[in-house]
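Going letter by letter, the sequence shown gives residues 29 to 464 in the numbering used here. Quick reminder that beta carbons are idealized off the backbone N, C-alpha and C, glycines included. In this text, all values refer to a predicted model and were calculated from it rather than measured experimentally. Let me begin by presenting the structure, written as structure tokens, before commenting on it.
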Amino acid sequence: MKKIDYLNNKNIFEVPLEFEHMARISNILNIKEYLLRHHKVLNRPDFKFKDQEYTSAKIIFNTLKTIINFHTSYVVGNPVSITGDKQIVSDVNKLYKKGGYNKVDYEIVQDLTKYGNAFEYVYLDKNGTIRSKIIANEDSYPIYDEKEQYVAFLEHWEDLQNVVKYDIVYYPGIVQVYKDEQLTEEYPNLSGLPIHYVSLDKSEYNFFGDAPLLDLIPILDQIERLLSRLDDAIYTLSMNPIGVSMGQKIEGTVPKDLIGATLNLEDGGDFKYSNAELDEPSIKLLLDTLFQQLYTVAAVPSAVIGQSNIANVSEVSLKLLFAQADYKAAQTAQTLKEGFSKRFEYFRKLSANKWSDDLFDTLDVSFNVARPVDTSSQINELKTQYDMGAISKETIIDSSPYTKNTALELQRIETEESAKEQIKPVIVGAEEQEIA
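Structure below.
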């Protein structure tokens, strides 16, 4: 079958060679290498010290992994809550459970935190279950036309061992699989194009989000370089001082490991060890500044990474401490909501449930961020608002840190109230009896 082209018969297999994609993929691969502990500090050369080869220090921090895990868990560590009409919420929760969507959400936020983009393809598996495939960033090539319309998607990777190129081309109505640019398989696309989650912080190409880690890697490189050099300085200059003799020249050599021996010097001669003095205040100032910038740019409280101690912190102080993390979580939530709305449309296409437009329009999500909270104060505030008539039971359940499935809790409450209605007190004479 003849392969499908796009945009004035341009070959779709040429997309990975476009400059904007090559630059983006290069950044992604650099980030992946960094997360695999291939850091710039490893290139530090060794040197000669006391006539021997000295292996220079190469200190590596995996702080980026902690930052990624923090922001991912902060937003979706607690499963998102599906809100809306009771019936559609129940249906979507079942789809979420069967399709393992809590894990899918986690993987999406991980990719957004690492690369600024995430790609999700919703499909029906062989058993008729709705599932999602997260497409690796380095294999993903969303295609936009000159009117900035999302028209196709290319998933491209190469088997370097067998020297084989694989391509999966997604169009709105069809999916084609190629091996070395030869069509091998074709099937209908029942959902639509893969969902492109784009960070609100855009890269130089407006269709893509900027990778947050690119701002952090230079800071960590400098911290690793500084601490590695400091380690070398302490070992070579402080822990291994140089012997200095004054007076008549000592014949031969002084053993470098001299301990417990005696040197006979001429009258007025002297022998001592010379140590290098480190400028501790300047070193501390530089390190503290670098770490402070790292936490500021990463939007992570220093206490989370163990750089400071907190105790007896009030609810207001906690909110201030996690303010930057809350701002970043709000940005991520906006990106996720846009993508989830597309996911729900695909659910509607693929699901056996026939939801009306009015019912579907009630569907939404809320995020349960993992900020430490004083739960007793939160519950008391919700109770006060409910007693004032300002909120409903459903809103309390949505906001409660103890409930995740609003529809299920409302159903249980309704069942309990129905059971109570079936037992009514009846007055017989002066005695009260209960009848079922």
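What separation, rounded to the nearest whole angstrom, lies between the Cα atoms of residue 183 and residue 41? Indexing the sequence shown from 1 puts residue 183 at position 155. Indexing the sequence shown from 1 puts residue 41 at position 13. Rounded to whole angstroms, residue 183 to residue 41 spans 10 Å at the Cα level.
Distance, residue 359 Cα to residue 328 Cα: Here the question's residue 328 lines up with position 300 in the sequence shown. Here the question's residue 359 lines up with position 331 in the sequence shown. Answer to the nearest angstrom: the Cα atoms are 15 Å apart.
Looking only at its own chain, which residues have a Cβ that is under 7 Å from the Cβ of residue 383, when we skip the five neighbours before and after it? One-based indexing of the sequence shown puts residue 383 at position 355. Cβ within range, chain order: 116 and 376.
Assuming the contact rule is C-beta atoms closer than 8 Å, residue 219 and residue 325 should be a hit. Round their C-beta distance to whole Å, please. Along the sequence shown, read from residue 1 onward, the residue named residue 219 stands at position 191. Along the sequence shown, read from residue 1 onward, the residue named residue 325 stands at position 297. 37 Å between Cβ atoms; not a contact.
Which residue's Cα is closest to the Cα of residue 368: 136, 319 and 96? One-based indexing of the sequence shown puts residue 368 at position 340. The shortest C-alpha separation from residue 368 is found at 136.
Residue 187, enclosing beta strand (DSSP E) - first and last residue: For the purposes of this step, residue 187 is taken as residue 159 along the sequence shown, with counting starting at 1. From DSSP, the beta strand (DSSP E) with residue 187 extends over 178-187.
Residue ranges of each beta strand (DSSP E) within the region 103-156, 3 or longer: 109-111 and 145-152
Just the C-alpha distance for residue 235 and residue 447, rounded to the nearest angstrom, thanks. Numbered from 1 along the sequence shown, position 207 holds the residue referred to as residue 235. Numbered from 1 along the sequence shown, position 419 holds the residue referred to as residue 447. Roughly 55 Å between the two C-alpha positions.
Among 74, 89 and 305, which one has its Cα closest to the Cα of residue 82? Numbered from 1 along the sequence shown, position 54 holds the residue referred to as residue 82. With distances taken between Cα atoms, residue 82 lies closest to 74.
Would you kindly report the start and end of the unbroken beta strand (DSSP E) that includes residue 271? To locate residue 271, count along the sequence shown from 1; it is residue 243. First-last of the beta strand (DSSP E) with residue 271: 270-274.
So what's residue 445 in DSSP terms, helix, strand or just coil? Stepping through the sequence shown from its first residue, residue 445 is reached at position 417. The answer is helix: DSSP assigns residue 445 an H, G or I state.
Which runs of the alpha helix (DSSP H) fall wholly inside the region 383-421 and span at least 4 residues, in chain order? 385-389 and 403-415
Roughly how many whole angstroms lie between the Cα atoms of residue 205 and residue 126? Taking the sequence shown and counting its residues from 1, one reaches residue 205 at position 177. Taking the sequence shown and counting its residues from 1, one reaches residue 126 at position 98. Whole-angstrom Cα-Cα distance: 27 Å.
From this set, 86, 53, 114 and 109, which residue's C-alpha is nearest residue 386's C-alpha? What you label residue 386 is simply residue 358 of the sequence shown in a count that begins at 1. It is 114.
Beta-carbon proximity of residue 351 to residue 395, cut-off 8 Å: Here residue 351 refers to the residue found at position 323 of the sequence shown. Here residue 395 refers to the residue found at position 367 of the sequence shown. Contact: no.
Would you please state the rounded distance, in angstroms, between the beta carbons of residue 4 and residue 438? I believe it to be under 8 Å. Outside the shown range of the chain (29 to 464) lies residue 4, about which nothing can therefore be said.
What does the alpha-carbon distance come out to for the pair residue 246 and residue 93? Locating residue 246 in the sequence shown gives position 218, where the first residue counts as 1. Locating residue 93 in the sequence shown gives position 65, where the first residue counts as 1. About 15 Å.
Once DSSP output is grouped into helix, strand and coil, what is the label at residue 213? For this step, residue 213 is matched to residue 185 along the sequence shown. Three-state result, residue 213: strand.
Output the distance between the C-alpha atoms of residue 61 and residue 53, rounded to the nearest integer angstrom. On the sequence shown, position 33 is the one that residue 61 refers to. On the sequence shown, position 25 is the one that residue 53 refers to. Spanning the two alpha carbons is a distance of roughly 12 Å.
Out of 146, 161, 305 and 355, state which residue places its alpha-carbon closest to the alpha-carbon of residue 366. As a first step, residue 366 must be located in the sequence shown, where it is residue number 338. Measuring from the Cα of residue 366, the nearest candidate turns out to be 146.
Our contact map puts residue 357 next to residue 199 with C-beta atoms below 8 Å; I'd like the distance itself, whole angstroms only. Locating residue 357 in the sequence shown gives position 329, where the first residue counts as 1. Locating residue 199 in the sequence shown gives position 171, where the first residue counts as 1. Incorrect: roughly 35 Å between the Cβ atoms, too far for contact.
Based on the DSSP secondary-structure assignment, which residues constitute the bridge partners of residue 171? On the sequence shown, residue 171 is found 143 positions in, with the first residue counted as 1. 180.
Evaluate contact between the region 147-167 and the region 252-264, counting only Cβ atoms and requiring at least three cross-stretch pairs below 8 Å. no
State the DSSP-derived secondary structure class of residue 379, mapped to helix, strand or coil. Mapped onto the sequence shown, residue 379 falls at position 351. Correct three-state label for residue 379: coil.
Decide if residue 47 is buried, meaning its Cβ has at least 16 other Cβ atoms within 10 Å, or exposed. The residue given as residue 47 occupies position 19 in the sequence shown. Classification for residue 47: exposed.
Alpha carbon of residue 413 to alpha carbon of residue 105, nearest angstrom: In the sequence shown, residue 413 corresponds to position 385, counting from 1. In the sequence shown, residue 105 corresponds to position 77, counting from 1. About 28 Å.
For residue 464, count neighbouring Cβ atoms within 10 angstroms of its own Cβ and tell me buried if that reaches 16, exposed if not. The residue given as residue 464 occupies position 436 in the sequence shown. In this prediction, residue 464 has a pLDDT of 44, which is less than 50 and means its spatial position is unreliable; what the coordinates show is noted afterwards. Residue 464 comes out exposed.
From residue 130 to residue 304, what distance separates their C-alpha atoms? Here residue 130 is taken as the residue at index 102 of the sequence shown, counted from 1. Here residue 304 is taken as the residue at index 276 of the sequence shown, counted from 1. Rounded to the nearest angstrom, the two C-alpha atoms are 56 Å apart.
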